[in-house]
Amino acid sequence: GAGVSQSPSNKVTEKGKDVELRCDPISGHTALYWYRQSLGQGLEFLIYFQGNSAPDKSGLPSDRFSAERTGGSVSTLTIQRTQQEDSAVYLCASSSTPQVELFFGEGSRLTVL
Amino acid sequence: GEDVEQSLFLSVREGDSSVINCTYTDSSSTYLYWYKQEPGAGLQLLTYIFSNMDMKQDQRLTVLLNKKDKHLSLRIADTQTGDSAIYFCAESHDGGSQGNLIFGKGTKLSVKP
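Which chain is which? The protein sequence lines are A and B, in order. Residue numbers for the first sequence follow the numbering used here, so the first one is 1 and each next one is one higher. Residue numbers for the second sequence follow the numbering used here, so the first one is 1001 and each next one is one higher.
Below you can see the structure in the form of C-alpha cells.
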C-alpha cells in the first residue's frame, strides 16, 4: 500500500477482554515497530521486528502483550485480559532498514472500560 | 542506558521563532531526527541530521547539533499556527535493540495568533 495501515482505528473494549491490533507496513519494508502513546506519557517503545523475528521483546509491558509478524509483512499486536491502563494509542511504523526514516501509521486508539 | 530528554511544552506567538531543545546520552548516535505529530495523526519525519554535522537548514527549519554537549535543537522561523503539534526528538545508533531508534517524550508546541 501507499502507507502504513493500521486497524482498527478505534477499539472500545471491556476490561478482561482480549484485543488484536493489526499493522500493514509499506510493501518491501523489512523493519516494523510498535509503540504505545499514552496521554502525557510520550512514545513508549514496545517491540521491533526485523523480518519475522523480534531481536528484543523487553519493551512489552507485561506477559499479557505479545506480537507476531508473518511473511515479513503484516504484524499483529495482541493484548490479553485488557486492563484500563492499557488504554492508549498504539502506533505502528515501518522502514526499509533500521536506520532510515520510519513511516508511521495513524494508530489504533484503544479504550478499555 | 540510552535516554532522550525534551521539555514537554513550548508556547510562542505567531511570527516568532520557536526553539525546541533535546538532550541525549548516547555519544555513538549516528543520526538524530525530528518528528512532528499533528493532532490525531501518526508521526511524520520533519528533518534529520547526521552526527558529523553541526547544522542543517531546510527552509524555515534549522537543526543545530552540539555533539560535545549531546544537545540537539530545532528552530522554526516565522512560526505559524499550522506548526502547532508535538515534536519528537529521536536518535539512532548501531547495536541498539529498539530498532536502533530511541524517542524523547515529545514537546507540545502551541502557537498563539
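Positions of the beta carbon are idealized from the N, C-alpha and C atoms, including for glycine.
Chain-order list of residues whose beta-carbon lies under 6 angstroms from that of residue i (same chain, five-residue window excluded)
i	result
residue 12 (chain A)	111
residue 1048 (chain B)	1031, 1033
residue 1055 (chain B)	1064
residue 28 (chain A)	none
residue 1044 (chain B)	1036
residue 102 (chain A)	93, 95
C-alpha distance - residue i paired with residue j, whole-angstrom precision
i	j	result
residue 1095 (chain B)	residue 1113 (chain B)	Low confidence applies here, because residue 1095 (chain B) scores a pLDDT of 48, under 50, leaving its location unreliable and the question unanswered by this model.
residue 16 (chain A)	residue 1019 (chain B)	44 angstroms
residue 78 (chain A)	residue 1017 (chain B)	43 angstroms
residue 93 (chain A)	residue 1013 (chain B)	33 angstroms
residue 1051 (chain B)	residue 1066 (chain B)	9 angstroms
residue 5 (chain A)	residue 18 (chain A)	21 angstroms
residue 1097 (chain B)	residue 1076 (chain B)	Its pLDDT being 49, under 50, residue 1097 (chain B) is placed unreliably in this model, and the coordinates cannot settle the point.
residue 25 (chain A)	residue 104 (chain A)	9 angstroms
residue 1053 (chain B)	residue 1088 (chain B)	20 angstroms
Close Cβ partners of residue i (< 7 angstroms) along its chain, the five nearest in sequence each way excluded
i	result
residue 69 (chain A)	32, 49, 52, 75
residue 1078 (chain B)	1015, 1060
residue 1023 (chain B)	1005, 1070, 1071
residue 1085 (chain B)	1036, 1037, 1038, 1109
Same chain, Cβ closer than 8 angstroms to residue i, neighbours up to 5 away in sequence not counted
i	result
residue 71 (chain A)	52
The region 1005-1016 of chain B contacting the region 1026-1039 of chain B, beta-carbon criterion three pairs below 8 angstroms: no
Near-chain A residues of the region 1041-1072 of chain B (beta-carbon distance less than 9 angstroms), N- to C-terminal order: 1041, 1042, 1043, 1044, 1045, 1048
Where the region 79-96 of chain A meets chain B: residues whose CB sits under 7 angstroms from a CB there: 91
Near-chain A residues of the region 1100-1112 of chain B (beta-carbon distance less than 9 angstroms), N- to C-terminal order: 1100, 1101, 1102, 1103, 1104, 1105, 1106
Interface residues of the region 1004-1030 of chain B facing chain A [CB-CB below 9 angstroms]: 1006, 1008, 1030
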